[in-house]
Every structure is written in structure tokens, then in C-alpha cells.
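One structure is given below, encoded as C-alpha cells.
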Amino acid sequence: SAGGIHKPSFSDPALLLPSQCRLYFLRNKERISISAASKLLANMLAEYRGMGLSVGSMVCGWDKKGPGLYYIDDRGARLKGPLFSTGSGNTFAYGILDSGHRPDLSVEEAYDLGRRAICYATHRDNYSGGIVNMYHMKEDGWIRVGRTDVSDLLYQYSEEKK
45 SAGGIHKPSF SDPALLLPSQ CRLYFLRNKE RISISAASKL LANMLAEYRG
95 MGLSVGSMVC GWDKKGPGLY YIDDRGARLK GPLFSTGSGN TFAYGILDSG
145 HRPDLSVEEA YDLGRRAICY ATHRDNYSGG IVNMYHMKED GWIRVGRTDV
195 SDLLYQYSEE KK
């Protein structure tokens, strides 16, 4: 969550999930599927239902079935989909995503759409951070696309409108 405070504890699902995935690999000599990893996190969070957690998380990656993206909330609910937004500014981000998303976006167009969605969500939501950190999950791992200050993006977008 942008700007949120996270104090991990020994039983923190964010710390337990990677160790459970590594344990699966050691036992089975293959990586866990994205679906199974997301189900593990959903089950961990379901154990804390009603205890005041506020979590909106995404699990993404590639496995034998190809790319996968799952949204998991603090009740342990789990959804598979092509795109998600989470955090306090997500309604603003969805406005941009829903109006600009197409299945045939180029990689650069997808980066631009993501930057705009995060930028405007951050600009409109008082509780969001001020930096767009963008990563791209590829078949062979993730890459960092960039880190951009929202103020710089807002200036750039306002200049484009002129």
C-alpha cells in the first residue's frame, strides 16, 4: 500500500508466503503454480479474518499455464483477472484503466496506461504516495521499468494537453 505502515511479525503472511513457496519447491522439485501460491496467501489471510487487517494484495507470475494474476483481500477472497488495482486510490486508477485498457496494447502503451492510472490515483487520493514504481512481470522474471515522481508526470501530462 502506498504510504502505509507495515510491521511484519513472525506469523505475517507476507513473510510466510515466500517460505511456503520455497518449501513447496524443495518437496516437489518444481515451482509452485501462481494459482496455488495465491491460494496459500488467501488461506493465510482467511485465518486472520475479523482481526482488523486491511490487505489488498496481488500475486502475479508465470508458470506452466502462462501468466497469472490474482487479487487477494483481507478476508481471504481471491479473484483471477487480467488487471487489478488495490489501495486507497484504486477507484481513481480503475477509471483510467477501464477507459484505456485493450487486449492488444503494446508494452509501451501498457506502461503508459499504468503510469497514468497510478499518477492520477495518487494525485486524487490524499493517502497515496507520490512515486510511481513500475515493474514488469515477464516469463523469465521481473524487471524494474522505472521510478517516477508523480509531480513530474502531472507536469508532463498537463503539457501534452496544451
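The opening position of the sequence shown corresponds to residue 45 in the numbering used here, with each subsequent residue numbered one higher. Ideal Cβ placement from N, Cα and C applies to all residues, glycine included.
Which residues in the same chain have their Cβ closer than 6 Å to the Cβ of H180, if we skip the five residues on either side of it in sequence?
-> Your numbering for residue 180 matches position 136 in the sequence shown. I187, V189.
In its own chain, which residues sit with a C-beta less than 6 Å from the C-beta of L197, not counting the 5 before and 5 after it?
-> Position 153 of the sequence shown holds residue 197. Closer than 6 Å at Cβ, skipping near neighbours: C163.
Excluding five sequence neighbours on each side, which residues of the same chain lie with their C-beta closer than 6 Å to the C-beta of S101?
-> Against the sequence shown, residue 101 aligns to sequence position 57. Around S101: I116.
Outcome for A80 when other beta-carbon atoms lying within 10 angstroms are tallied against a minimum of 16 = Here residue 80 is taken as the residue at index 36 of the sequence shown, counted from 1. A80 is exposed by the Cβ-count criterion.
What do you get for L85, buried or exposed, if any count of 16 or more other CB atoms within 10 angstroms of its CB means buried?
-> Position 41 of the sequence shown, counting from 1, holds the residue named residue 85. Buried, because 16 or more other Cβ atoms sit within 10 Å of the Cβ of L85.
Between C104 and G112, which are expected to be in contact by the criterion C-beta below 8 Å, what is the C-beta distance as a whole number of angstroms?
-> Residue mapping note: residue 104 aligns to position 60 of the sequence shown, counting from 1. Residue mapping note: residue 112 aligns to position 68 of the sequence shown, counting from 1. Yes, they are in contact, since the Cβ atoms of C104 and G112 sit about 7 Å apart, within 8 Å.
Based on Cα-Cα distance, which residue from S143, G144, Y114 lies nearest to T130?
-> As a first step, residue 130 is located in the sequence shown; it is residue number 86 there, counting from the start. Ranking the options by Cα distance to T130, first place goes to Y114.
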